[in-house]
Structures are given as C-alpha cells and as structure tokens.
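Enquirer: My questions all concern the structure below.
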Amino acid sequence: DDETSRDVSSTEISRVTVSKTSGDSASRAKGNLGGLLTNDVRVKRVTLMVCNMVGFLQVEDVHQVQAVISSYLTAGLYHLRSSKGIPDSFSGDRLYASWNGARSCASHRTAAYMTARDLCSDKSFAYKLSIGLASGDVRCGNMGCEGMKKYSYIGSLSSWVHVVERIGRSME
19 DDETSRDVSS
29 TEISRVTVSK
39 TSGDSASRAK
49 GNLGGLLTND
59 VRVKRVTLMV
69 CNMVGFLQVE
79 DVHQVQAVIS
89 SYLTAGLYHL
99 RSSKGIPDSF
109 SGDRLYASWN
119 GARSCASHRT
129 AAYMTARDLC
139 SDKSFAYKLS
149 IGLASGDVRC
159 GNMGCEGMKK
169 YSYIGSLSSW
179 VHVVERIGRS
189 ME
C-alpha cells in the first residue's frame, strides 16, 4: 500500500473556515470547522476516479447529446456496480466515482483499475474516454450544511485525480 497522498489537516481547514468568518462566529467555527463537517468524517484510504469523454464538446444536436450522455452513464453505472464502485456524481461528460469510501472494498485499487479498463473497452458508446485514477488517504464522510449534505472527500487526492485525467487526455 505505497500509494498515499498528503491530507489536509483539520488545522488547515479550520484556518480557512475561520478566515471567512468574523466576531462570535469565528470562535464557534474554530471548534467545529464552521459547521461544515459532521461527526462521521474520518481519514480513510480510497481510490477516486474521474472519467471524461474525449470529443464530447463537438456534439451540437441536443437530442444527440442526451443519447450520448444516457449511453455513457448507463455503461458507467453498470461497470461501477459490478466492481463495488460508488457513482458520486456527473457533470456534463464527467463522471466521478469512488471505492472504499462510503462502502468498504478491500481491493479498491484493483476494482477501480478493472472498471476503467472495462469502460475503455465498452462499445456501447462511440467516444474515447480519458480516465484518472488515484489512491490515497482523504478525509471523507457526510459533509455540507443543514439543507445540503453529500458524502465527500477532502484532501489533495481529490485534486490529483483530475491532474491524472488531464495528463491522460493530453496524450491522445
């Protein structure tokens, strides 16, 4: 398990949160990270994936965009579920997933790699994929505020996975 990443410490998060508050709320923010995090946040070793369709922006027909997104997400969800991956979200042509965060997966790195391999060889959609995978320690758990909570990840790994995906895309 040599793959690690430098995690953001709670002191650094607290400093950022406190710097955006003032007065009495600043002292409250220091104790609970500004109300941002809930009690179930913990450090965990996970694998994150960012998947991007290469050439998707050239699609101009609105109906074709919907068909492409639908086939892409259907294939993505199929491969994620078969490998115990969690589909975190999607935005445009970008699919985010994780292993060993919300659900335990002892072989998360292997499962993520196999999912990426299977997605790249899936013929149910016509676009090449650029996929970034990264494993390491992050703070994860249900985060947000009263009206909007989501299982999320904090740490440099969250940014690093995007860098890996962009490097792969530039090699096309």
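Per this note's numbering, residue 19 is the first one in the sequence shown, and the count goes up by one each step.
We put the CB at the ideal spot given by N, CA and C, even for glycine.
#1: Suppose you measure from the CA of Leu147 to the CA of Arg60; what does that come to, to the nearest Å?
#2: Among Cys158, Asp140 and Gly162, which one has its Cα closest to the Cα of Met71?
#3: Return the chain-ordered list of same chain residues with a C-beta closer than 7 Å to the C-beta of Met132, the five sequence neighbours on each side being excluded.
#4: Please report how far the alpha carbon of Arg187 lies from the alpha carbon of Ile149, in whole angstroms.
#5: Can the beta-carbon of Val156 be found less than 9 Å from the beta-carbon of Val64?
#6: Could you say if the stretch 118 to 135 and the stretch 93 to 107 meet the contact criterion of at least three C-beta pairs nearer than 8 Å?
#7: Thinking C-beta only, is Ser170 closer than 9 Å to Cys158?
#8: When the Cα atoms are used, what is the spatial distance from Ser45 to Met161?
#9: Looking at Tyr114: is its Cβ nearer than 9 Å to the Cβ of Ser107?
#10: Is DSSP giving Arg121 helix, strand or coil here?
#11: Quick test of your reading: Leu66 and Ser116, contact by CB under 8 Å. State the CB separation rounded to the nearest angstrom.
#12: How many angstroms separate the CA atom of Ser153 from the CA atom of Leu137?
#13: How long is the line joining the alpha carbons of Pro105 and Glu164, rounded to whole angstroms?
#14: Assign Ser176 to one of two classes, buried (16 or more other C-beta atoms within 10 Å of its C-beta) or exposed (fewer than that).
#15: Check whether the Cβ of Tyr131 sits closer than 8 Å to any heavy atom of the ligand ADP, and report yes or no.
Expert: In terms of the structure at hand:
#1: 32 Å
#2: Asp140
#3: Ser101
#4: 8 Å
#5: yes
#6: yes
#7: yes
#8: In this prediction, Ser45 scores a pLDDT of 32, lower than 50, which makes its location untrustworthy; the coordinate-derived value is nonetheless stated afterwards. So the alpha carbons of these two residues sit roughly 20 Å apart.
#9: yes
#10: coil
#11: Their Cβ separation, rounded to whole angstroms, is 5 Å, which keeps Leu66 and Ser116 in contact under 8 Å.
#12: 19 Å
#13: 23 Å
#14: buried
#15: Annotation note on the ligand ADP: not contained in the displayed structure, which lists no ligands.
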